[in-house]
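Enquirer:
Residue numbers (UniProt numbering): 1 to 349.
The following block contains the structure:
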């Protein structure tokens with residue numbers, strides 16, 4: 001363990017003492033003290049001298065080196081007031097050393113010397129500590145300067161999610177582009193002209209009458225042409241389908257009266273008699289048939305045959321059961337056709 005007085009000194013003060021006693025130039029080991037574990041880092045064992053400057057060593061190494069040097073050169077440095085406390089603390093029970101020049105004790109002179117220059121020593125120590133910490137301060141400043149730049153560059157490289165306004169603008173832009181492409185494709189195709197042609201053909205009284213008759217004929221077909229089993233389609237595991245029974249209309253029924261009786265009755269009451277009445281009673285005054293007269297005759301015929309039971313009972317029941325709505329459905333169809341004819345006549349006027 002090193003001297004107590006040396007332990008109380010700061011590293012800056014130890015550096016000044018080392019410069020004062022000449023430790024920086026050469027430090028001979030003349031003391032019989034056992035070697036310290038810190039000395040190999042401070043001394044060159046080959047020539048027993050310090051290979052580097054004092055500032056490069058740790059405080060504990062300077063304490064050991066100063067103690068070695070002061071013990072080895074005690075005869076020459078014992079009268080030095082700067083290091084007198086060291087010799088006083090080495091052996092406090094030894095005779096008090098007197099300074100031949102002043103006559104006072106070495107300890108008193110050392111204390112006086114320390115009291116005379118406390119501020120200068122503190123300033124020197126502070127300056128040396130600032131010099132020692134210069135490298136650390138520079139490295140810290142460099143780190144402080146570079147770290148924010150790296151952090152900012154990293155933050156710029158991270159993709160941030162866009163704001164809701166940007167997302168809304170992008171969605172609107174994509175929607176507009178999609179609509180424009182669909183509109184261009186439809187305009188370039190034949191679909192618009194086909195749709196206009198279909199609409200113009202359906203916007204007539206004749207088309208409305210044909211549509212009503214088609215609905216009635218489709219419903220009657222299930223009664224006069226029943227479905228018969230034909231075969232079974234096998235299951236397809238790849239598509240996840242099961243077995244499917246294939247049924248087709250029984251066209252052999254066309255050779256029986258069970259087909260022609262109901263069909264003939266429906267054609268007579270819904271097509272032929274109304275056409276005859278619409279051609280003879282033509283309120284329009286031009287060629288063709290009158291739609292209002294056609295539907296009026298159809299409604300009267302349906303009421304007489306299907307409501308009042310004026311036709312064959314078997315065929316009447318089949319027709320009433322097959323047409324959607326029965327006899328009431330036939331009357332509703334006739335009313336729709338009559339309204340269409342009246343509306344067309346009003347528009348022509």
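Built from N, CA and C at the ideal position, the CB exists for glycine as well.
Extract the residue ranges of the alpha helix (DSSP H) inside the segment 151-223, only unbroken runs of 4 or more that lie entirely within it.
Expert: 164-188 and 191-202
Enquirer: With three or more C-beta pairs closer than 8 Å as the rule, is the segment 281-294 touching the segment 249-268?
Expert: Counting Cβ pairs under 8 Å, fewer than three are found: no touch.
Enquirer: Taking the C-alpha atoms as reference points, what is the distance between residue 173 and residue 198?
Expert: Mapped onto the chain shown, residue 173 falls at position 173. Mapped onto the chain shown, residue 198 falls at position 198. Rounded to the nearest angstrom, the two C-alpha atoms are 34 Å apart.
Enquirer: Between the Cα of residue 255 and those of 16, 339, 224 and 89, spot the shortest distance and give me the residue it belongs to.
Expert: Position 255 of the chain shown, counting from 1, holds the residue named residue 255. It is 224 whose Cα lies nearest to the Cα of residue 255.
Enquirer: Going by the DSSP bridge assignment, what does residue 244 pair with across the sheet?
Expert: Residue 244 sits at position 244 when you count from the first residue of the chain shown. Residue 244 pairs with 233.
Enquirer: So, is residue 236 buried or exposed, given that buried needs 16 or more other C-beta atoms within 10 angstroms?
Expert: Position 236 of the chain shown, counting from 1, holds the residue named residue 236. Classification of residue 236: exposed, given that the 10 Å Cβ count is below 16.
Enquirer: Please go through the same chain and pick out, in chain order, the residues whose beta-carbon is closer than 8 Å to the beta-carbon of residue 276, but skip the five residues on each side of it.
Expert: Here residue 276 is taken as the residue at index 276 of the chain shown, counted from 1. Counting only Cβ-Cβ distances below 8 Å, and skipping sequence neighbours, we find 297.
Enquirer: Please report how far the alpha carbon of residue 283 lies from the alpha carbon of residue 345, in whole angstroms.
Expert: As a first step, residue 283 is located in the chain shown; it is residue number 283 there, counting from the start. As a first step, residue 345 is located in the chain shown; it is residue number 345 there, counting from the start. If I take the Cα positions, the gap works out to 10 Å.
Enquirer: Could you work out which residue in 16, 305, 210 and 23 is closest to residue 336 when comparing CA atoms only?
Expert: In the chain shown, the residue the question calls residue 336 occupies position 336. Closest by alpha carbon: 210.
Enquirer: Here's the rule: buried if 16 or more other CB atoms are within 10 angstroms of the residue's CB, otherwise exposed. What is residue 243?
Expert: Within the chain shown, the letter at position 243 stands for residue 243. Per the 10 Å Cβ criterion, exposed.
Enquirer: Suppose you measure from the CA of residue 215 to the CA of residue 323; what does that come to, to the nearest Å?
Expert: Stepping through the chain shown from its first residue, residue 215 is reached at position 215. Stepping through the chain shown from its first residue, residue 323 is reached at position 323. Distance between the alpha carbons of residue 215 and residue 323 is about 8 Å.
Enquirer: Report the rounded CA-to-CA distance for residue 228 versus residue 238, giving the unit in angstroms.
Expert: Residue mapping note: residue 228 aligns to position 228 of the chain shown, counting from 1. Residue mapping note: residue 238 aligns to position 238 of the chain shown, counting from 1. Their backbone Cα atoms lie some 29 Å apart in a straight line.
Enquirer: Is it buried or exposed, residue 88, if we count other Cβ atoms within 10 angstroms and call 16 or more buried?
Expert: The count along the chain shown starts at 1 and reaches residue 88 at position 88. Per the 10 Å Cβ criterion, buried.
Enquirer: Please give me, in chain order, every unbroken run of the beta strand (DSSP E) with length at least 3 that falls completely inside the segment 243-284.
Expert: 244-249
Enquirer: Alpha carbon to alpha carbon, what distance is there between residue 184 and residue 318?
Expert: Sequence index remark: in the chain shown, residue 318 carries index 318 (1-based). Sequence index remark: in the chain shown, residue 184 carries index 184 (1-based). Computed Cα separation, rounded: 52 Å.
Enquirer: Kindly indicate which residue of 218, 166 and 342 has the alpha-carbon position closest to the one of residue 205.
Expert: Your numbering for residue 205 matches position 205 in the chain shown. Answer by Cα proximity: 342.
Enquirer: In or out: residue 70 buried (at least 16 other Cβ within 10 Å) or exposed?
Expert: The sequence position of residue 70 within the chain shown is 70, counting from 1. Its Cβ being crowded by 16 or more others within 10 Å, residue 70 is buried.
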